[in-house]
Amino acid sequence: MANTKKIPGGNRNRRRTLMDKNVAFPVTEAYKNLRTNISFALSTKKNKIFAISSALASEGKSTVAANIAITLAQNNNHVLLIDGDLRKPVQHRVFSLTNDLGLSTLISGTNTFKEIVHHNVIDNLDIVTCGPIPPNPSEMLGSDNMKQLLDQLSAHYDYIIIDTPPINIVTDCLTLLDSIAGVLLIAKFAQSTYDALQEAIEAIKMADGSLLGVVVNNVSVMSGKYGGKYGYRYRYGYRYGYGYGYGYSYSRKPSDEGENDE
1 MANTKKIPGG NRNRRRTLMD KNVAFPVTEA YKNLRTNISF ALSTKKNKIF AISSALASEG
61 KSTVAANIAI TLAQNNNHVL LIDGDLRKPV QHRVFSLTND LGLSTLISGT NTFKEIVHHN
121 VIDNLDIVTC GPIPPNPSEM LGSDNMKQLL DQLSAHYDYI IIDTPPINIV TDCLTLLDSI
181 AGVLLIAKFA QSTYDALQEA IEAIKMADGS LLGVVVNNVS VMSGKYGGKY GYRYRYGYRY
241 GYGYGYGYSY SRKPSDEGEN DE
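Numbering (full-length UniProt numbering), first residue to last: 1 to 262.
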């Protein structure tokens, strides 16, 4: 039986996603545009498996990963979201799912895919949570078992999204590069720095990986006619990868979207 249990009362701690009724119109439209750009970026790739990461922690990557998965599923694509952050997983909290089984128990051979997958969390969206945090996250993600798993699952899903740890902190995301189409980097407006983002991009390049683009989140759209609070900007391809919104010094400020989001 698939693991479909949800955490009682878990919604109290859930991050803001496109499932929320009060999401501002500009944010919804920004994700639709991002969906189009991602589809275009993957159209010539070997598969439609991609990782979502950031340079450093607390830049909103997990919230953005969840929302990209949602918007792709809403477009009638069969989508699998994998929480590959085996150090500080959050997708089980984002979607209020149990996490006693997951990717770690699947790769180790303790459980089968059918036993750990959460089917139809929303229409067309399946989710694999992290499971118990293992002692060797990087080795697990780079293992032959992980490569075989992704190869097998690619035949059953239109898109597979892997939420991975920050690139400048650990190498986990880079161990997946041979098996995926590329990496989408997430940066936080008024927090991420040019140097950190450039370091992450260079790490992907040095590992012979593909940068699908950079998403800048937490962009204020208060001045727009729709009055939403947060928006998103996207830059496609390596040549645009670090040309927007960086190189300044800012103090960190709390945010009600993606705060402490790994």
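Even for Gly, the Cβ is constructed at its ideal location relative to N, Cα and C.
{"Query": "Exposed unless 16 or more other CB atoms sit within 10 angstroms - verdict on N218", "Result": "buried"}
{"Query": "Outcome for T110 when other beta-carbon atoms lying within 10 angstroms are tallied against a minimum of 16", "Result": "exposed"}
{"Query": "Complete runs of the beta strand (DSSP E) confined to the region 149-191 [at least 3 residues]", "Result": "159-163 and 182-188"}
{"Query": "Cβ shell of K46 (< 7 angstroms), same chain only, five flanking positions each side left out", "Result": "A181"}
{"Query": "Cβ pair D163, I52 closer than 8 angstroms", "Result": "yes"}
{"Query": "Proximal residues to Y236 (C-beta, below 8 angstroms), its chain only, five neighbours per side dropped", "Result": "In this predicted model, Y236 has a pLDDT of only 42, less than 50, meaning its place in the structure is not dependable; the value taken from the coordinates is given anyway. N37, F40, A41, L212 and G213."}
{"Query": "Backbone CA spacing between G60 and T112 [nearest angstrom]", "Result": "30 angstroms"}
{"Query": "Rounded C-alpha distance that separates H92 from D195", "Result": "31 angstroms"}
{"Query": "Residues of its chain near M19, where Cβ-Cβ distance is below 8 angstroms and the 5 sequence neighbours each way are ignored", "Result": "I70 and I122"}
{"Query": "Three-state class that DSSP yields for L141 in the structure shown", "Result": "helix"}
{"Query": "Residues bridged to A73 [DSSP beta-bridge criterion]", "Result": "None, per the DSSP bridge assignment."}
{"Query": "Bridge partners - A51, DSSP secondary structure assignment", "Result": "I162 and V183"}
{"Query": "Within 8 angstroms, strictly: CB atoms of L86 and L141", "Result": "yes"}
{"Query": "Three-state secondary structure assigned by DSSP to D126", "Result": "strand"}
{"Query": "Which listed residue (D158, D178 and S138) has its alpha carbon closest to that of I167", "Result": "S138"}
{"Query": "Top-ranked residue by Cα proximity to L101, from I127, L80, V79 and N76", "Result": "I127"}
{"Query": "Collapsed DSSP secondary structure at Y230 in the structure displayed", "Result": "At Y230 the pLDDT is 43, less than 50, meaning the model places this residue with poor confidence; the figure from the coordinates comes in the next sentence. Correct three-state label for Y230: strand."}
{"Query": "Distance CB(I161)-CB(S154) smaller than 8 angstroms", "Result": "no"}
{"Query": "Beta-carbon spacing of I186, S43 below 8 angstroms", "Result": "no"}
{"Query": "Beta strand (DSSP E) segment containing D83, residue limits", "Result": "V79 to D83"}
{"Query": "Beta-carbon gap between L81 and A65 smaller than 8 angstroms", "Result": "yes"}
{"Query": "Cα-Cα separation, G84 to N67", "Result": "16 angstroms"}
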